[in-house]
Amino acid sequence: SQVYVQSRFLEALPPILILASFGLFAAFYFTFKWNTFSLLVAGIVLAQLFFGIWRKSRKVGPAKQAWQKVQRDFTLYSNPVSEEERLQLVRLSTQPETLRQQGQWKPNRSVGAVMMTLAIAGFGGSFIWGQKRAQFIESAAKAPGKIVSSQSSSDGKSNVYYPVIEFSPQGSRNLIRFKGEFGTSHPGWRVGDPVTVLYDPFNPQKAIMEDGMWMYFFPILIGGLAALFFLIGWANLFTNPNRRKKPPPPGARHPRRAA
Numbered sequence: 194s195q196v197y198v199q200s201r202f203l204e205a206l207p208p209i210l211i212l213a214s215f216g217l218f219a220a221f222y223f224t225f226k227w228n229t230f231s232l233l234v235a236g237i238v239l240a241q242l243f244f245g246i247w248r249k250s251r252k253v254g255p256a257k258q259a260w261q262k263v264q265r266d267f268t269l270y271s272n273p274v275s276e277e278e279r280l281q282l283v284r285l286s287t288q289p290e291t292l293r294q295q296g297q298w299k300p301n302r303s304v305g306a307v308m309m310t311l312a313i314a315g316f317g318g319s320f321i322w323g324q325k326r327a328q329f330i331e332s333a334a335k336a337p338g339k340i341v342s343s344q345s346s347s348d349g350k351s352n353v354y355y356p357v358i359e360f361s362p363q364g365s366r367n368l369i370r371f372k373g374e375f376g377t378s379h380p381g382w383r384v385g386d387p388v389t390v391l392y393d394p395f396n397p398q399k400a401i402m403e404d405g406m407w408m409y410f411f412p413i414l415i416g417g418l419a420a421l422f423f424l425i426g427w428a429n430l431f432t433n434p435n436r437r438k439k440p441p442p443p444g445a446r447h448p449r450r451a452a
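Listed below in structure tokens is the structure:
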């Protein structure tokens with residue numbers, strides 16, 4: 194027999210945490226101006242929140258039940274049982290099916306639908322963004338460039354530094370400057386460092402710095418969050434808690450007597 198404690202506050206906690214996580218992501222965005230460190234931290238925070246919600250929704254109930262079972266077993270084996278406690282145990286043992294149903298994890302279809310919607314939107318956005326970036330890289334021309342200065346932005350508490358890159362398109366003597374996509378509070382580059390620039394041959398003002406997988410950072414981040422939303426949505430929409438193995442009938446197992 195198992196006892197399960199239900200709470201409306203605990204049921205309302207997951208959507209509250211979801212809204213809080215989006216608030217944190219927005220705070221990182223407006224505070225740090227899209228620098229790599231802030232986006233990475235925001236992604237980690239979101240991942241931890243959603244993974245924690247999913248894990249606790251699956252394991253909080255069984256963990257409480259296991260602890261309550263340990264407490265009951267300790268009472269049975271180590272301490273004398275009062276008449277009131279004995280009657281309560283007898284009453285609980287006559288309602289195994291009801292207690293089993295109360296102790297099950299119940300999927301939240303509304304949360305599942307919201308998570309699936311976010312996952313589909315995230316996968317679509319990640320795919321489109323990644324495809325456009327791949328097409329740009331494939332058709333872009335290359336030119337040597339160098340970091341000539343840095344551009345900073347401040348919120349009054351900290352500064353974020355972006356590299357300012359200068360290059361000349363092939364066959365032209367005109368110098369073009371642009372600001373890098375990523376800014377950090379502790380730059381890993383120095384003024385004067387050589388870089389490779391990818392630019393649109395028909396619009397040289399549209400240029401990015403060649404930086405390996407960092408050029409796909411935003412599509413990967415969105416795709417990773419979408420995958421997390423998908424797992425949470427799938428667990429809430431398609432998990433059938435009634436398929437779990439039924440407990441043995443009352444009286445099938447007897448507690449050991451204390452020596």
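Everything in the sequence shown is counted per this note's numbering, starting at 194 for the first residue and increasing by one. Idealized CB from N, CA, C, for every residue including glycine. If you're wondering where the values come from, they're calculated on a predicted model, not measured in any experiment.
| query | If you follow the beta strand (DSSP E) that Arg370 is part of, which residue opens it and which one closes it? | reply | By one-based count along the sequence shown, residue 370 stands at place 177. Taken as a continuous stretch (DSSP letters only), the beta strand (DSSP E) holding Arg370 covers Ile369 to Lys372.
| message | Considering only DSSP beta bridges, list what Met402 is partnered with. | response | As a first step, residue 402 is located in the sequence shown; it is residue number 209 there, counting from the start. Val390, per the DSSP bridge assignment.
| field | Given Ile330 as reference, the closest of Asn352, Trp407, Gly376 and Gly305 once Cα atoms are compared | value | By 1-based counting over the sequence shown, the position of residue 330 is 137. Comparing Cα positions, the closest option is Trp407.
| query | Taking all protein chains shown into account, do 16 or more other C-beta atoms lie within 10 angstroms of the C-beta of Pro387, making it buried, or fewer, making it exposed? | reply | In the sequence shown, counting from the first residue as 1, residue 387 sits at position 194. Classification of Pro387: exposed, given that the 10 Å Cβ count is below 16.
| said: Within 10 Å of its beta-carbon, does Asn367 have 16 or more other beta-carbons around it, so buried, or fewer, so exposed? | reply: Start at 1 with the first residue of the sequence shown, and residue 367 comes out as number 174. So Asn367 counts as exposed.
| said: Just to confirm the assignment, what range does the beta strand (DSSP E) spanning Gly381 have? | reply: Residue numbering aside, residue 381 sits at position 188 when the sequence shown is read from its first letter. Here Gly381 belongs to no beta strand (DSSP E), and DSSP marks it neither H nor E.
| task | Could you tell me whether the stretch 413-430 touches the stretch 346-355, using the rule of 3 or more Cβ pairs below 8 Å? | result | no
| field | For Lys335: DSSP bridge partner residues | value | As a working note, residue 335 is residue 142 in the sequence shown. In DSSP, Lys335 forms a bridge with Leu391.
| Based on Cα-Cα distance, which residue from Gln363, His379 and Phe243 lies nearest to Asn352? | Taking the first residue of the sequence shown as 1, we reach residue 352 at position 159. Taking only the C-alpha atoms, the option nearest Asn352 is His379.
| request: Could you name the residues of the same chain whose beta carbon sits closer than 8 Å to that of Val357, not counting the 5 residues immediately before and after it, in chain order? | output: The residue you call residue 357 lines up with position 164 of the sequence shown. Closer than 8 Å at the Cβ level, and outside the excluded window around Val357, lie Ile340, Val341, Ser342, Ser343, Gln344, Arg370, Phe371, Lys372 and Gly373.
| field | Straight-line Cα distance separating Met309 from Glu277 | value | The count along the sequence shown starts at 1 and reaches residue 277 at position 84. The count along the sequence shown starts at 1 and reaches residue 309 at position 116. Spanning the two alpha carbons is a distance of roughly 49 Å.
| With 16 as the cutoff for other CB atoms within 10 Å, does Val484 come out buried or exposed? | Here the chain comprises residues numbered 194 to 452, so residue 484 is not present and cannot be evaluated.
| task | Go ahead and pull the three-state DSSP assignment for Phe316. | result | If you number the sequence shown from 1, residue 316 lands on position 123. Correct three-state label for Phe316: helix.
| request: Look up Gln344 in the DSSP assignment and give the residues it is bridged to. | output: In the sequence shown, the residue the question calls residue 344 occupies position 151. Note: Gln344 sits in a beta bridge opposite Tyr355.
| What is the rounded straight-line gap between the Cα of Ile381 and the Cα of Gly315? | Position 188 of the sequence shown, counted from the first residue, corresponds to residue 381. Position 122 of the sequence shown, counted from the first residue, corresponds to residue 315. For clarity, residue 381 is Gly in the given sequence; the question names Ile instead. Whole-angstrom Cα-Cα distance: 30 Å.
| Is Pro412 helix, strand or coil when you go by DSSP? | Residue numbering aside, residue 412 sits at position 219 when the sequence shown is read from its first letter. Looking at Pro412 - three-state DSSP - the assignment turns out to be helix.
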